Amino acid sequence: MTLTEITMAEDQEKYIRQIELPEIGTLGQERIFNSKVLVVGAGGLGCPALQYLTSMGVGTIGIADFDRVSLSNLHRQILYSADDLDESKVDMAKKALHKLNPKCVINTHDVLLSKKNAATIIGGYDLVLDATDMIPARYLINDTCVALNKPFIYGAIYKYQGQVAVFNYQNGPTYRCLFPDEPKEKIQNCDQRGVLAVLPGIIGLMQASEAIKLITGFGEPLSGFVGLFDLANMQWDRIKISKKSTKKPDAPAITDSQKSTKI
Amino acid sequence: MNHKLHIKYFGQIAEITGKSFEIISVDSISIEELVKNLTESYPSLRDQEFKVAVDHEIKDKSSQISHDSEIALLPPFAGG
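First to last, the protein sequences are chains P and L.
In case it helps, my numbering puts the first sequence at residues 1 to 263.
In case it helps, my numbering puts the second sequence at residues 264 to 343.
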């Protein structure tokens with residue numbers, strides 16, 4: 001056996017439980033190997049999503065976060081341990097993910113996503129997970145993905161409830177079709193309102209599930225809907241969203257090489 | 264004619280109303296009028312950004328609700 005054949009045999013065995021699903025198969029697994037996914041925010045939503053995307057075999061993962069690990073993160077941001085306090089989140093996440101799957105190429109972006117860098121960072125990936133905890137970042141990801149023609153998977157939480165959706169997928173609705181303009185009032189996040197650790201775990205894994213669906217093409221993506229999950233009463237609602245012609249966002253400058261129509 | 268509206272409140276909206284749902288009876292009403300009525304009952308709603316869904320679909324302010332319906336008031340969430 002050549003080295004390549006040995007590697008292929010190892011991969012076949014490692015991912016066999018996924019490959020034997022007829023909707024995934026060898027082709028689906030190859031698509032997962034060849035995919036490039038950016039997770040913006042390596043916090044409560046991002047950690048579980050990153051963990052599963054890596055273990056499922058996503059070939060290239062980008063992690064964008066400018067934060068440092070703090071003690072109050074540890075109950076829900078499961079990639080980090082007490083040894084990682086005050087260290088860069090992207091570096092500590094990369095360390096944990098590399099152990100999980102050494103073959104995964106992990107790019108770290110230790111910056112605050114801004115109008116200046118968003119197109120360059122997002123341009124290197126097929127799809128984006130919005131796992132941030134700030135409303136302005138959500139609009140920036142939306143507008144950049146619209147300009148670059150890339151789908152993104154939105155996740156957000158408030159106390160015991162979560163929202164999840166696939167936006168800008170095959171010309172489907174975007175976040176601005178749901179909420180056209182940034183709210184004037186500040187919307188509170190986990191740091192201000194508290195969070196039960198399992199909730200971002202559930203919503204983050206819903207985002208990872210939708211990512212795998214877009215990559216492999218199986219199932220029906222949650223596009224054209226926003227999903228609402230309520231942990232307190234275990235209720236799940238799907239609310240239909242229509243595509244709206246929203247005003248052209250103040251988009252960053254885009255080069256052709258950053259645009260993608262792959263997924 | 265009287266219609267029963269089963270209204271669900273999500274996120275911060277539920278904290279303002281102090282409940283996660285309620286059932287109200289109204290005559291045929293537009294979403295704009297419904298929001299005005301709710302804002303009279305819960306004045307802090309005035310400062311909130313939210314969308315209104317009727318029977319699991321986001322509708323414009325001008326849409327008319329003319330039968331028993333499930334309504335949802337859906338604010339943006341920030342947390343992650």
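Think of the CB as a built atom: it goes at the ideal place given N, C-alpha and C, for glycine as much as any other residue.
None of the values given here were measured: they were computed from a predicted structure.
- prompt: Where in the segment 60-114 of chain P do unbroken runs of the alpha helix (DSSP H), each at least 4 residues long, occur, reported from the N-terminal end onward?
  reply: 89-100
task: Mind reading off the beta-carbon distance from PHE167 of chain P to ILE203 of chain P? Whole number of angstroms is fine, and I expect it under 8 Å.
output: The Cβ separation is near 15 Å, so there is no contact.
message: Can you tell me where the alpha helix (DSSP H) holding ALA119 of chain P begins and where it ends?
response: 118-122
- prompt: DSSP three-state call for ASP323 of chain L: helix, strand or coil?
  reply: coil
query: If you draw a straight line from the C-alpha of LEU336 of chain L to the C-alpha of GLU320 of chain L, how long is it?
result: 11 Å
- prompt: When Cβ atoms are compared, which residues of the segment 300-320 of chain L fall closer than 8 Å to chain P?
  reply: ASP310, GLN311, GLU312, LYS314, ALA316, HIS319 and GLU320
query: Terminal residues of the continuous beta strand (DSSP E) containing ILE239 of chain P?
result: 235-240
- request: Please classify SER81 of chain P: is it buried, with 16 or more other beta-carbons within 10 angstroms of its beta-carbon, or exposed?
  value: exposed
field: Cα-Cα separation between GLN311 of chain L and PRO338 of chain L, rounded to whole angstroms
entry: 8 Å
message: Can you list, in chain order, the residues of its chain with a C-beta nearer than 6 Å to that of LYS36 of chain P? Leave out the 5 residues immediately preceding and following it.
response: THR60, TYR125 and ASP126
task: Pick out whichever of L:ILE279, L:GLY281 and L:LEU297 has its Cα sitting closest to the Cα of ILE287 of chain L.
output: L:LEU297
- request: Say whether chain L places a C-beta atom closer than 8 Å to the C-beta of TYR169 of chain P.
  value: no
query: For GLN161 of chain P, which beta-bridge partners are listed by DSSP?
result: P:TYR158 and P:ASP230
field: Minimum Cβ-Cβ distance from MET234 of chain P to chain L less than 8 Å
entry: no
field: Reference MET234 of chain P, options P:ASP130, P:GLY162, P:THR144 and P:HIS98, closest by Cα
entry: P:GLY162
- request: Starting from the beta carbon of ALA156 of chain P, find every residue of chain L whose beta carbon is closer than 9 Å, and list them in chain order.
  value: PRO339, PHE340, ALA341, GLY342 and GLY343
field: Counted within 10 angstroms of its Cβ, other Cβ atoms place ARG176 of chain P as buried (16 or more) or exposed
entry: buried
- prompt: Got a sec: which bits of the segment 124-153 of chain P sit with their beta carbon under 7 Å from any beta carbon on chain L, in order along the chain?
  reply: ALA131, THR132, ASP133, MET134 and ILE135
message: Which residue marks the beginning of the beta strand (DSSP E) containing LEU337 of chain L, and which one marks its end?
response: 332-337
- prompt: For GLY41 of chain P, which residues of its own chain have a beta-carbon under 7 Å away from its beta-carbon, when the five flanking residues on both sides are left out?
  reply: ASP65, ALA131, THR132 and ASP133
query: Any C-beta of chain P sitting closer than 8 Å to the C-beta of GLY281 of chain L?
result: no
task: For PRO200 of chain P, go through chain L and note every residue whose CB falls closer than 8 Å to its CB, in chain order.
output: GLY342 and GLY343
- prompt: Smallest Cα separation from ILE141 of chain P: which of P:SER245, P:GLY57 and P:SER114?
  reply: P:SER114
query: If you measure from the beta carbon of GLN161 of chain P to each beta carbon in chain L, is any gap under 8 Å?
result: yes
task: Report buried or exposed for ILE135 of chain P, applying the criterion of at least 16 other Cβ atoms within 10 angstroms of its Cβ.
output: buried
- prompt: Cβ of GLN327 of chain L less than 8 Å from any chain P Cβ?
  reply: no
- prompt: chain L beta carbons: is any one of them nearer than 8 Å to that of SER242 of chain P?
  reply: yes
task: Just tell me which of P:PHE225, P:LYS184, P:PHE152 and P:THR4 has its CA closest to the CA of LEU214 of chain P.
output: P:PHE152
message: Tell me which residues of the segment 177-190 of chain P have at least one Cβ-Cβ distance to chain L shorter than 7 Å, keeping chain order.
response: LEU178, PHE179, PRO183, GLU185, ILE187, GLN188, ASN189 and CYS190
message: Pull the bridge partners of SER302 of chain P from the DSSP assignment, please.
response: The question about residue 302 of chain P has no answer here: the residues shown for chain P are numbered 1 through 263.
Own chain residues within Cβ distance below 7 Å of LEU222 of chain P, not counting five before or after: VAL164, ALA165, VAL166 and GLU210
query: With a cut-off of 8 Å, does the C-beta of VAL195 of chain P fall near any C-beta of chain L?
result: yes
Reference ILE276 of chain L, options L:LEU268, L:PRO306 and L:ILE292, closest by Cα: L:PRO306
field: Limits of the unbroken beta strand (DSSP E) element including GLU285 of chain L
entry: 284-289
- request: Note down, in chain order, all residues in the segment 41-53 of chain P with a beta-carbon under 8 Å from any beta-carbon belonging to chain L.
  value: GLY41, GLY43, GLY44, LEU45 and GLY46
field: Contacts of ARG238 of chain P in chain L (Cβ-Cβ under 8 Å)
entry: HIS319
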